[in-house]
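Chemist: Structure below; questions to follow.
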Amino acid sequence: MMPPDDRRNMEDRRRNRTVRKAVFPAAGLGTRFLPATKAQPKEMLPLVDKPIIQYGVEEAVAAGCDQIIIITGRGKSAIEDHFDHSYELEKMLEDKGKQGLLKIVRQISDMIYVSYVRQKEALGLGHAVLTARELVGREPFAALLADDVIDAEVPVLKQLMDVFDEKQGSVIAIQPVDGPMISSYGVIRGNEVAGSGGRLYEVLDLVEKPRPEDAPSNLAVIGRYILTPTIFETLSDITPGAGGELQLTDGLRGLLKREKLYAYVYEGRRHDTGDKLGFLKATVEFALKREDLGGAFREYLKGLKL
Numbered sequence: 371m372m373p374p375d376d377r378r379n380m381e382d383r384r385r386n387r388t389v390r391k392a393v394f395p396a397a398g399l400g401t402r403f404l405p406a407t408k409a410q411p412k413e414m415l416p417l418v419d420k421p422i423i424q425y426g427v428e429e430a431v432a433a434g435c436d437q438i439i440i441i442t443g444r445g446k447s448a449i450e451d452h453f454d455h456s457y458e459l460e461k462m463l464e465d466k467g468k469q470g471l472l473k474i475v476r477q478i479s480d481m482i483y484v485s486y487v488r489q490k491e492a493l494g495l496g497h498a499v500l501t502a503r504e505l506v507g508r509e510p511f512a513a514l515l516a517d518d519v520i521d522a523e524v525p526v527l528k529q530l531m532d533v534f535d536e537k538q539g540s541v542i543a544i545q546p547v548d549g550p551m552i553s554s555y556g557v558i559r560g561n562e563v564a565g566s567g568g569r570l571y572e573v574l575d576l577v578e579k580p581r582p583e584d585a586p587s588n589l590a591v592i593g594r595y596i597l598t599p600t601i602f603e604t605l606s607d608i609t610p611g612a613g614g615e616l617q618l619t620d621g622l623r624g625l626l627k628r629e630k631l632y633a634y635v636y637e638g639r640r641h642d643t644g645d646k647l648g649f650l651k652a653t654v655e656f657a658l659k660r661e662d663l664g665g666a667f668r669e670y671l672k673g674l675k676l
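Note that the working numbering has the sequence shown beginning at 371, numbered continuously upward.
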């Protein structure tokens, strides 16, 4: 039998679980951006001068994650190269006295510890998350979809972590979506948590891409999640759908049967960079925010005859 002190210590650790690991599913083929993604990962497409995935990694680091797990596939080696040291480049920059650029390059490889898992087949978001099971282990973790680049004063993942720290349960990011576009998202049915100012909900059910008339609410799930390791058990239990894919939404519905799940209306501006128009809008908005580019770029845009 476990001694009382050891039992209390274990209970304290369970009550105060922290999130250190962040999982990035990045094995998709990026067909919406062909031919640009024929020979490079869509996650490496640049918003101004920084790859899409780096925005998400920086968000995870700012939220307190110190271990990044990237789920890759065939043709994704550029992601690994990006977060690794580039000795030849660093030596060249050092020799030429370009200390500013050298600092930027070294920050990319020095800011995090990265692990990679190969997803041999793209069998859905749920399958990608399940692929990380051995590296995540028995602890809560974050999952981020790199396509969702969110400009926020407080990183969205940190907002979710604050909820997790209080509730010690899985929490997903949501945003209001009105009209026909709701059919492009997973949608929650939930009860507002008292005192949250309409931002926090206890989830009762989720529906994947409902018809507008069938949507249980206008609260759509966005690509930020903090999940307990129970999700791996529920993903292992569900039956694959069309094309043999495992849907994360189905795993979350299974999670609801075992423990509480919360949804949080985050603060920030989301850019869907997996969509061509969304990518272009994000590029313009991020460029305008840059001190070194914003002024000149704004003047250029004003001069266009639109």
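For each residue, glycine too, the CB sits at the ideal point set by N, CA and C.
What residues in its chain sit with their C-beta under 7 Å from that of A516, if we drop five residues either side in the sequence?
Modeler: As a first step, residue 516 must be located in the sequence shown, where it is residue number 146. Excluding sequence neighbours, A516 sits near F394, A396, E413, I422, I423, G426.
Chemist: Within 10 angstroms of the Cβ of M531, are there 16 or more other Cβ atoms? Answer buried if so, exposed if not.
Modeler: Within the sequence shown, residue 531 is the residue found at index 161, counting from 1. M531 should be labelled buried.
Chemist: Please report how far the alpha carbon of S554 lies from the alpha carbon of E562, in whole angstroms.
Modeler: Working through the sequence shown from its first residue, we reach residue 554 at position 184. Working through the sequence shown from its first residue, we reach residue 562 at position 192. The alpha-carbon atoms of S554 and E562 are separated by roughly 23 Å.
Chemist: Identify whether F453 lies in helix, strand or coil by the three-state DSSP scheme.
Modeler: Within the sequence shown, the letter at position 83 stands for residue 453. DSSP places F453 in coil when its eight states are reduced to three.
Chemist: From the DSSP output, in three-state form, read off A666 for me.
Modeler: For this step, residue 666 is matched to residue 296 along the sequence shown. Note: A666 maps to helix in three-state DSSP.
Chemist: Using 10 angstroms around the beta-carbon of Q469, count the other beta-carbons present and answer buried if the total reaches 16, otherwise exposed.
Modeler: Within the sequence shown, the letter at position 99 stands for residue 469. Counting Cβ neighbours within 10 Å, Q469 comes out exposed, since fewer than 16 surround it.
Chemist: Taking just the CA atoms, how far does I520 sit from T643?
Modeler: Reading the sequence shown from its first residue, position 273 is the one you call residue 643. Reading the sequence shown from its first residue, position 150 is the one you call residue 520. Cα-Cα distance, rounded: 10 Å.
Chemist: For I596, tell me which candidate among V541, K420, F656 has the shortest Cα-Cα distance.
Modeler: The sequence position of residue 596 within the sequence shown is 226, counting from 1. The option with the nearest alpha carbon to I596 is V541.
Chemist: Should G467 be labelled buried (16 or more other beta-carbon atoms within 10 Å of its own) or exposed?
Modeler: Your numbering for residue 467 matches position 97 in the sequence shown. So G467 ends up on the exposed side.
Chemist: What separation, rounded to the nearest whole angstrom, lies between the Cα atoms of A512 and M462?
Modeler: Numbered from its first residue, the sequence shown carries residue 512 at position 142. Numbered from its first residue, the sequence shown carries residue 462 at position 92. Approximately 37 Å, taken between the alpha carbons.
Chemist: Tell me the DSSP secondary structure of A430 in three-state form.
Modeler: In the sequence shown, counting from the first residue as 1, residue 430 sits at position 60. Three-state result, A430: helix.
Chemist: Is Q529 closer than 8 Å to E637 when the C-beta atoms are compared?
Modeler: On the sequence shown, position 267 is the one that residue 637 refers to. On the sequence shown, position 159 is the one that residue 529 refers to. Contact flag set, yes.
Chemist: L514 bridges to which residues according to DSSP?
Modeler: Taking the sequence shown and counting its residues from 1, one reaches residue 514 at position 144. L514 is bridged to R594.
Chemist: Out of V577, G549, Q545, G556, point me to the one whose CA is closest to G568's CA.
Modeler: Indexing the sequence shown from 1 puts residue 568 at position 198. Residue Q545 is the option with its Cα nearest to G568.
Chemist: Would you list, in sequence order, the uninterrupted alpha helix (DSSP H) runs of no fewer than 4 residues that lie entirely inside the region 542-616?
Modeler: Here the runs fully enclosed are 600-607.
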